[in-house]
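Q: The structure that follows is given in the form of structure tokens.
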Amino acid sequence: MSEPKPPTPTPGDTYKGWLFKWTNYIKGYQRRWFVLSNGLLSYYRTQAEMGHTCRGTINLATANITVEDSCNFVISNGGAQTYHLKASSEVERQRWITALELAKAKAVRMQAESDDSGDDCPTAPPSAGQGGGCRNSEIQSTLRTMGSKVEDLTTCNDLIVKHGSALQRSLSELEGIRVGGDMGEKIRQVTERATLFRITSNAMINACRDFLSLAQNHSKRWQKALTTERDQRIRLEETLEQLAKQHNHLERAFRGATVLPSSFSNPALGGVSGKGDASDEDDDNEFFDAMEDPAEFITVPADPKYHRRSNSNLSGFSSETGIDDQSVNFDELSMASNPESPQTLELEPVRQRRTHIPDKPNYYLNLWSIMKNCIGKELSKIPMPVNFNEPLSMLQRLSEDLEYYELLDKGAKCQSSLEQMCYVAAFTVSSYSTTVHRTGKPFNPLLGETFELDRLRECGYRSLCEQVSHHPPAAAHHALSEKGWTLRQEISLASKFRGKYLSIMPLGSIQCLFDKSNNHYSWKKVTTTVHNIIVGKLWIDQSGEIDVVNHKTGDRCHLKFAPYSYFSRDVPRKVTGVVTDKDGKAHYVLSGTWDEKMEFSRVMQSSKGENGTEGKQRTVYQTLKAKEIWKKNPLPEGAESMYFFSTLALTLNELEEGVAPTDSRRRPDQRLMEDGRWDEANAEKQRLEEKQRTVRREREREAVKAVCSPEEGAHQDNHQALWFEKIDDPVSGETLHIYKGGYWEAKEQGGWDICPDIF
23 MSEPKPPTPT PGDTYKGWLF KWTNYIKGYQ RRWFVLSNGL LSYYRTQAEM
73 GHTCRGTINL ATANITVEDS CNFVISNGGA QTYHLKASSE VERQRWITAL
123 ELAKAKAVRM QAESDDSGDD CPTAPPSAGQ GGGCRNSEIQ STLRTMGSKV
173 EDLTTCNDLI VKHGSALQRS LSELEGIRVG GDMGEKIRQV TERATLFRIT
223 SNAMINACRD FLSLAQNHSK RWQKALTTER DQRIRLEETL EQLAKQHNHL
273 ERAFRGATVL PSSFSNPALG GVSGKGDASD EDDDNEFFDA MEDPAEFITV
323 PADPKYHRRS NSNLSGFSSE TGIDDQSVNF DELSMASNPE SPQTLELEPV
373 RQRRTHIPDK PNYYLNLWSI MKNCIGKELS KIPMPVNFNE PLSMLQRLSE
423 DLEYYELLDK GAKCQSSLEQ MCYVAAFTVS SYSTTVHRTG KPFNPLLGET
473 FELDRLRECG YRSLCEQVSH HPPAAAHHAL SEKGWTLRQE ISLASKFRGK
523 YLSIMPLGSI QCLFDKSNNH YSWKKVTTTV HNIIVGKLWI DQSGEIDVVN
573 HKTGDRCHLK FAPYSYFSRD VPRKVTGVVT DKDGKAHYVL SGTWDEKMEF
623 SRVMQSSKGE NGTEGKQRTV YQTLKAKEIW KKNPLPEGAE SMYFFSTLAL
673 TLNELEEGVA PTDSRRRPDQ RLMEDGRWDE ANAEKQRLEE KQRTVRRERE
723 REAVKAVCSP EEGAHQDNHQ ALWFEKIDDP VSGETLHIYK GGYWEAKEQG
773 GWDICPDIF
């Protein structure tokens, strides 16, 4: 049966065809379909198997290619894999040898480049000065592709020189030989080398054609990029001139008016101008990030008369602001009025917590080789090696929200619910500060896994987390403080891998209750995005909106986490918020970043702006001087080699006596990873996951055997949480798991017999 003539191998192209592969002494050589692609040689029994069953693959980067005779050749990678192959003819064998040599040279070169790929594109989390480095990523990718083609040309040139020299020697020998018996052998050698020379020359010609085609196709795009850069520079210069004029106009208007005209905005005073003040971007431009959204409001300093009134007891003040005079400087006065100052409440720690964990090993892992099959799938259902993890579980990450518990302590002392809302909002933002450098994935907790954080004697609170559901994964968290507040949350994560980035969408709500005022707050988390999954350095962004609601008073704080934008004139990771009462009147404005600090300022007056060119109204708030309400704690020394853990995170996996057998500290794969034994940790992780699957199948079989009513269904998950129960919250109207008690009593009595064996 004749086969179609395969194409001449071209550097970088997929080469495929039939070869005979030695199997054993009984069956001898068997006909197999071979595919050469991306430096890998794979084979199948038939062409139909290419979509589902690969019989074997060998990496040419580490392989040796040896020619045995006119049709036979051997590929071996040092003993583990050896393919004895035979082509149908000498010409066919030469085509395969040429394709394999080209693929091997390219694979070796790509492997050398991947070893130091971290130096190629140092894409740190972009700030105002770093965004420009990645704007030309497409051009850089094109240059790398064209550079690869140049390397292919160099490889082909070396092969032509090599085979051309051999051909010259054969021709010289042929000229000096006498007509005899060895004439046929010499002619055969000349013919074979001439064929090899022709194939290599054709490959070089094709590579040149590809190189020229690439240059022609991308020349117009480069010209467009340069034109866009020039136009944007001109627009930015015009914008700066316009902003300078607006600044002068604002100063003149401020001297003669109490309320600032809404048609002006001054970025120097904390506002952000609308789309008309920024450089416009064509919709079809594919080189840069999109324009940022226009700001919903702007703030300006209040009239000096309000500063004078804040230190007086004028009777008209209450009617103007809606809140009594004492709450203007509540961060100072409310603390001073309380006899228990923070200094007097400091307690000596009951134990010396650890400040260091073993350094993170430098294990190389090809991320794309694993993630390419995960696009569009739910990340929690994909088995991942510990190389992507950090040695903490998701339960411990939830407990990290309490790192800035002092904000809730201060909020519990506030007399005004609006003051309290500012502290709750700052606490909400502070929970994201630990994620700025934490690109590692926490361990997915096993069903029934728990984690306790007992800081009662040191900080006045203690908390408990439990994994209450496996599919979908959900964790319940309960924290109780002696300072008069309770925090509870039930969080499940929905995550999707989109190729270039990973989106993590937290589902569920967080609730905070204060004993003294009976104020009941609730809010949800924003979306976390991990960028540069494939190329460059990973960085994390938080984006979205949060509404913190006081269900008792109707007060509300609307927080906006601005996504990163190249064109933004604000600092990266910016967060803004407005605290309003039940009637929608603004009382406080919050601003800052979720990775550094937050400030608040008291609103004295506000005015609605007129419709702008974008068709939206913006409000102008006149505020007092901003004051700091929260600031991030510095990272411990050497944090970059310890997964960028904070001081609290370093202590979360520290071994403690008396914790439950289901506590995350007792999880063996997580402990092995922390100790740097990643190979053993991967094996242990697979064992635990298989054990959990076995337990789940057994639980499903028991559910089928159980007598269930038609309404309940026979396949309902019958797992019951040990320390939490599911209820409908009458205040927020949400269904969530609430701590039902008993854990700390069981710890005191050592009654862990009811805990399941999950490890």
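The numbering of the sequence shown is my numbering, which starts it at 23 and goes up by one. Beta carbons: idealized from backbone N, C-alpha and C, even for Gly. Owing to the predicted nature of the structure, the values given are computational and were not obtained by experimental measurement.
For N411, does the three-state DSSP call read helix, strand or coil?
A: strand
Q: Could you pull the start and end residues of the alpha helix (DSSP H) that S754 belongs to?
A: Unbroken run through S754: none, as it is neither H nor E.
Q: Smallest Cα separation from A648: which of R719, P778 and M620?
A: Of the candidates R719, P778 and M620, the one whose C-alpha sits nearest the C-alpha of A648 is M620.
Q: Please check the pair Y37 and A121, which I expect to be a contact at CB under 8 Å, by giving their CB distance rounded to whole angstroms.
A: Contact flag correct, Cβ pair sits at about 4 Å.
Q: E488: which of Q418, D476, V113 and K505 sits nearest, CA to CA?
A: Closest by alpha carbon: Q418.
Q: Can you give the beta carbon distance from H573 to G599, rounded, assuming they're within the 8 Å contact cut?
A: Cβ atoms of H573 and G599 stay farther apart than 8 Å, at about 18 Å.
Q: Between M226 and the ligand MN, is the CB less than 7 Å from at least one heavy atom?
A: This structure does not include the ligand MN; it has no bound ligands of any sort.
Q: Can you tell me the Cα-Cα spacing of G50 and L62, whole angstroms?
A: 24 Å
Q: Note down, in chain order, each residue of its chain lying with its Cβ closer than 8 Å to the Cβ of K522, except the 5 sequence neighbours on either side.
A: H553, N554, I555 and I556
Q: Can you tell me whether D577 is buried or exposed? The criterion is at least 16 other CB atoms within 10 Å of its CB, across all chains shown.
A: Buried, because 16 or more other Cβ atoms sit within 10 Å of the Cβ of D577.
Q: Using 8 Å for Cβ pairs, my map puts L440 next to V642. What's the rounded Cβ distance?
A: Actually they do not touch by this definition, with Cβ atoms about 20 Å apart.
Q: Please return the same chain residues whose Cβ sits closer than 8 Å to the Cβ of V681, not counting the five positions on each side in sequence.
A: E474, R687, R688 and K769
Q: Measure the CB-CB distance between F536 and Q442 and report whether it falls below 8 Å.
A: yes
Q: Please report the straight-line C-alpha distance between V753 and E567, rounded to a whole angstrom.
A: 22 Å
Q: In whole angstroms, what is the alpha-carbon distance linking P383 and G698?
A: 6 Å
Q: Roughly how many angstroms lie between the CA atoms of A188 and F42, to the nearest whole one?
A: Each residue's Cα considered, the two are about 28 Å apart.
Q: Just checking my contact of I562 with T550 at CB under 8 Å: how many whole Å lie between their CB atoms?
A: 6 Å
Q: So, at 8 Å on beta carbons, what are the nonlocal neighbours of V212 in its own chain, with the 5 sequence-adjacent residues on each side left out?
A: Excluding residues within five positions, the ones whose Cβ falls inside 8 Å are L189, S192, L193 and L196.
Q: Out of L670, H493 and A498, which one is the CA nearest neighbour of E480?
A: Closest option to E480, Cα to Cα, is L670.
Q: With W616 and S455 assumed to form a contact (beta carbons below 8 Å), what rounded beta-carbon distance in angstroms separates them?
A: 6 Å
Q: So what does DSSP say about S485, is it helix, strand or coil?
A: Note: S485 maps to strand in three-state DSSP.
Q: With distances taken between CB atoms, is the gap from M664 to I227 smaller than 8 Å?
A: no
Q: Specify the secondary structure class of T36 as computed by DSSP and reduced to three states.
A: coil
Q: With a Cβ-Cβ cutoff of 8 Å, do L509 and P528 count as a contact?
A: no
Q: Which stretch, first to last residue, makes up the beta strand (DSSP E) that contains G50?
A: G50 to S59
Q: Determine, using beta carbons only, whether E767 and H759 come nearer to each other than 8 Å.
A: Contact flag unset, no.
Q: Relative to the C-alpha of S111, which residue among E214, N99 and Q52 is closest?
A: E214
Q: Hey, E706 and P690 are a contact pair by Cβ (cut 8 Å); roughly how many whole angstroms apart?
A: Taking a contact as a CB-CB distance under 8 Å, the pair E706 and P690 counts as one, their CB atoms being some 5 Å apart.
Q: What first and last residue would you give for the alpha helix (DSSP H) that runs through D691?
A: P690 to E696
Q: Which class does T461 belong to by DSSP, given the choice of helix, strand or coil?
A: If DSSP states are grouped into helix, strand and coil, T461 belongs with coil.
Q: Cα separation between Y543 and V408?
A: When the Cα atoms are used, Y543 and V408 turn out to be separated by approximately 37 Å.
Q: Which residues does DSSP pair with Q533 in a beta bridge?
A: R510 and S544
Q: Kindly indicate which residue of L710, E425 and V490 has the alpha-carbon position closest to the one of K653.
A: E425
Q: Just tell me which of L560, D476 and G530 has its CA closest to the CA of K547.
A: Shortest Cα-Cα distance from K547 to any of L560, D476 and G530 involves G530.
Q: Short check: CB of R624 to CB of Y610, under 8 Å?
A: yes
Q: What are the partner residues of A65, as DSSP defines its beta bridges?
A: Residue identity differs from the one stated: residue 65 is Tyr in this sequence, not Ala. F56 and G78, per the DSSP bridge assignment.
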